[in-house]
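Following: one structure in structure tokens, then a few remarks.
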Amino acid sequence: MTRNERDMKTLIHAIALCAAACLALPAAHAATVQQHALQSSVPDPLAGADAARGTKVAFTLFLPDAKPEGGYPLVLHASGFGLGRLRELPPRDTDPGASYWSRVDRLVPTLVERGYAVISFDHRGHGDSGGDSRIMDPQVEIADIRSLIDWAERELPLRKGADGKPRIGSIGGSYGGGYQMQLAQLEPRIATAIPSMTWYDLQHSLAPQGVLKQGFVQFECFMAQRGKVRDGGLLRPLCETAPKPGAWSWNDMGADAQRLRDAYQAHGPSGLSWSGQPSRRVDALVVQASEDVLFDMDEGLRNWRQLKAVGGDVRLMVLRSGHVNPRAGQRDKPARCGSVDAMDAMLGWLDAKLRDIEPSAPSVPQLCIALDDGTAFEGTAPIAAQFGAALARTEVRAGSPAPVFVPLPTDALRGAVLAGVPEAELDVRAAGGPGVALVGLALRRNGELMLLSDQVVPAPPGRQRIALGGVAARLRPGDELGVALFATHAQYVWAPASGAPVAGIAGDNAYAVSGRVWLPLAADGAAR
């Protein structure tokens with residue numbers, strides 16, 4: 000086995016994408032499990048002469064043995080990129096100390112026990128579904144999913160609300176969260192959504208400021224290969240070019256660069272996907288994580304703000320761990336926000352919105368951000384980046400094995416809290432290689448340097464104002480708050496095998512940087 004294969008196995012295990020980790024857990028109550036397929040109206044370019052017949056959408060239907068009075072509330076479920084649908088009922092969720100990824104699929108048996116119908120489907124280009132992956136194109140993937148709702152309305156006795164519409168919600172994380180924002184806007188039959196650990200602007204997620212997150216770009220390419228995802232033209236150019244020696248930015252994609260950026264941006268909330276469509280009010284519980292190095296806290300905040308602006312009941316829960324990178328020393332953490340268990344909150348939310356059971360929803364905070372000491376910040380909005388501090392000109396030399404720590408002149412009092420998205424205005428001067436500054440907030444505590452929320456953000460040469468990765472932490476007496484500057488970092492470099500050429504921001508990167516940083520810093524009063 001090559002080093003690359005071992006690293007990928009470690010990464011898959013750490014992200015906990017395999018829900019079969021605890022087979023010894025007790026089985027769920029009896030339920031009806033049926034395998035189905037339908038044809039969506041979207042042509043299948045891989046079907047040759049039969050393309051016009053539409054695209055096969057494969058799904059599993061989970062039904063309780065007894066139909067609830069008034070019909071079934073329906074929940075749509077989807078898995079992450081490169082993964083398939085649930086084909087059988089997983090064990091129940093019985094480990095409150097496990098991560099989000101280990102627990103989210105285990106909500107399904109509990110939902111079925113509570114009288115829900117659940118449809119778990121294969122994404123387009125995945126598993127038994129047909130077609131090619133267009134990475135959540137609203138005219139393709141979202142249209143496929145809308146055909147599932149048509150089928151459910153036609154074939155199942157669904158519970159209806161006072162408005163006569165069926166009670167339908169959605170769950171899923173990562174790529175399984177990516178469909179939910181667009182579906183909720185384009186499909187009037189969606190009553191509520193729980194988009195989790197997902198993107199607002201996918202081209203920015205994969206390459207903030209145009210700099211490729213090589214670790215996760217290559218992981219997604221590996222998952223596409225492992226899951227036999229059928230490419231619709233948005234994967235191969237990225238997966239073939241990004242790992243080449245010296246490649247580190249969107250610009251290295253050559254003639255495909257602008258097409259890829261435009262498509263990734265359009266296929267999500269930030270793009271023009273909804274051009275001509277009025278914004279739709281929908282109730283939603285947005286779940287994100289501060290220590291997510293693919294879709295950081297800011298992505299969830301943007302989704303939350305966009306949904307909230309339309310006027311629905313929209314709440315935000317920021318857990319600690321989401322997409323983790325073991326090469327950067329990250330580990331999964333329990334799916335909690337202070338005293339609130341994320342799975343309990345999700346179940347309570349669905350019960351309130353789809354079954355009219357109160358007071359489940361009031362138990363879900365309006366906004367909750369998990370801190371690093373087991374407590375949480377609660378309020379109506381995250382802390383604004385309002386505390387400014389100067390960043391003195393600092394040089395980072397090529398090959399520096401450790402980050403350079405620059406203390407910021409702050410008077411951090413006992414119990415002060417960071418809970419939001421810091422901002423920075425930076426002047427970056429290249430001194431070698433790409434000359435990209437790699438910047439993160441950090442604490443020096445008892446002589447040890449701690450990168451806050453594992454967030455490192457790139458800043459290419461030039462003057463710019465950027466958002467740094469969202470952070471969530473409580474300061475202690477004696478802590479020094481500052482900026483960590485890296486010459487290279489595991490999130491932005493790719494070494495597929497020992498001795499092989501390296502892609503990304505590699506060892507020749509050097510720069511000087513100065514500017515100003517604004518911190519989301521507040522006193523202890525709002526943290527619980």
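Counting from 1, position 230 in the sequence shown corresponds to residue 229 in numbering that gives the first Met the number 0; the numbering is continuous, with no gaps.
Glycine included, C-beta positions come from ideal geometry on N, C-alpha and C.
Have a look at the options and flag the residue whose alpha-carbon is nearest the alpha-carbon of residue i.
i: G506; options: V492, P519 and V516; result: V492
i: K159; options: R354, V313, G53 and V420; result: R354
i: A489; options: A77, R304 and D453; result: D453
i: I193; options: P476, P400, L366 and D282; result: D282
i: Y71; options: L45, A97, E154 and T487; result: E154
i: E87; options: Q305, Q34 and G419; result: Q34
i: G175; options: L37, M316 and F294; result: F294
i: A36; options: V56, D49 and Q217; result: V56
i: R330; options: C336, S338, S320 and G337; result: S320
i: E422; options: L390, G514, I465 and A389; result: I465
i: A397; options: A389, Q287, G468 and T487; result: T487
i: G337; options: V286, T374, E219 and H266; result: T374
i: V363; options: V339, A388, F376 and A369; result: V339
i: F61; options: G114, K227 and H122; result: G114
i: D92; options: V103, T240, R84 and D149; result: V103
i: M196; options: R444, L315, L75 and E68; result: L315
i: L211; options: L237, K227, I167 and T59; result: L237
Who are the near neighbours of residue i in its chain, counting only those whose CB is closer than 8 Å to its CB and skipping five residues on each side?
i: A511; result: R392, T393, E394, V395, V427, R428 and A430
i: G528; result: For residue 528 there is no data in the structure shown, the boundaries of the chain being 0 and 527.
i: F215; result: L205, V292, L293, H322, N324 and Q490
Ignore the nearest five residues each way along the sequence and tell me which others in residue i's own chain have a CB closer than 6 Å to its CB.
i: V139; result: V41 and R133
i: L157; result: G70, Y71, L73 and P165
i: L448; result: F404 and A441
i: D43; result: A50, T54, G129 and G130
i: L306; result: A283 and V313
i: R145; result: E186
i: P406; result: E479 and G481
i: Y263; result: L201 and Q202
i: I382; result: A418, G419, P519 and A521
i: K279; result: Here residue 279 turns out to be Arg, not Lys, going by the sequence shown. The residues are Q184.
Tell me, which residues are paired with residue i by DSSP?
i: W517; result: G387 and E422
i: T487; result: According to DSSP, which records beta bridges pairwise, T487 is partnered with nothing at all.
i: K55; result: Q38
i: H266; result: Paired residue(s): none; H266 is not in a bridge.
i: V314; result: Going by the sequence as given, residue 314 is Arg instead of Val. According to DSSP, which records beta bridges pairwise, R314 is partnered with L284.
i: S169; result: L75 and A192
i: Q138; result: None; Q138 has no bridge partner.
i: E157; result: It is Leu, not Glu, that sits at residue 157 in the sequence shown. DSSP, once it has assigned bridges, lists Y71 as partnering L157.
i: L60; result: Q33 and I118
i: G477; result: Paired residues: none, contrary to the question.
i: G321; result: In the DSSP output, where bridge partners are listed per residue, G321 has none listed.
i: Q463; result: L425
Using only the alpha-carbon positions, how far apart do residue i and residue j sit?
i: L451; j: R301; result: 21 Å
i: D127; j: A380; result: 42 Å
i: A522; j: A256; result: 44 Å
i: K66; j: L205; result: 44 Å
i: A586; j: M222; result: Lying before the first or after the last residue shown, residue 586 is absent from the chain, which here runs from 0 to 527.
i: N3; j: M252; result: Any answer about N3 is weak, because its pLDDT of 48 lies below 50 and its placement is not dependable; what the coordinates show is given next. Near 23 Å, if we compare the C-alpha coordinates of M252 and N3.
i: V309; j: L366; result: 17 Å
i: D371; j: R473; result: 7 Å
i: I504; j: Q213; result: 9 Å
i: R225; j: Q184; result: 32 Å
i: T109; j: G270; result: 35 Å
i: A341; j: A327; result: 25 Å
i: D230; j: H125; result: 10 Å
i: D343; j: V32; result: 24 Å
i: A401; j: A483; result: 9 Å
i: S248; j: V456; result: 14 Å
i: D261; j: W303; result: 23 Å
i: A436; j: G468; result: 14 Å
i: F376; j: R52; result: 52 Å
i: A415; j: M345; result: 29 Å
i: P268; j: D149; result: 24 Å
i: P495; j: A388; result: 39 Å
i: L85; j: G163; result: 30 Å
i: G446; j: A369; result: 25 Å
By Cβ distance, which residues of its chain are closer than 7 Å to residue i, with the 5 residues on each side in sequence left out?
i: G79; result: L16, G172, S173, Y174 and G175
i: G514; result: L390, A423, E424, L425 and D426
i: L182; result: I141, I144, S169 and I189
i: G96; result: P333
i: Y178; result: A77, M135, E140, I141 and I144
May I ask you to check if the CB of residue i is nearer than 6 Å to at least one heavy atom of the ligand NAP?
i: P89; result: Absence of the ligand NAP is noted for the structure shown, with no ligands found whatsoever.
> Of all the alpha helix (DSSP H) runs that stay within the bounds of the stretch 324–369, which reach a length of 4 or more residues?
Replying inline: Runs found: 341–353.
>> So within the stretch 172–234, which uninterrupted alpha helix (DSSP H) runs reach at least 4 residues, ignoring any that extend past its ends?
In response: 174–185, 201–205 and 213–225
>> If we require 3 or more residues per run, which beta strand (DSSP E) segments fall completely within the stretch 239–263?
In response: none
> Curious, which full-length beta strand (DSSP E) runs of at least 3 residues does the stretch 94–126 contain?
Replying inline: 116–120
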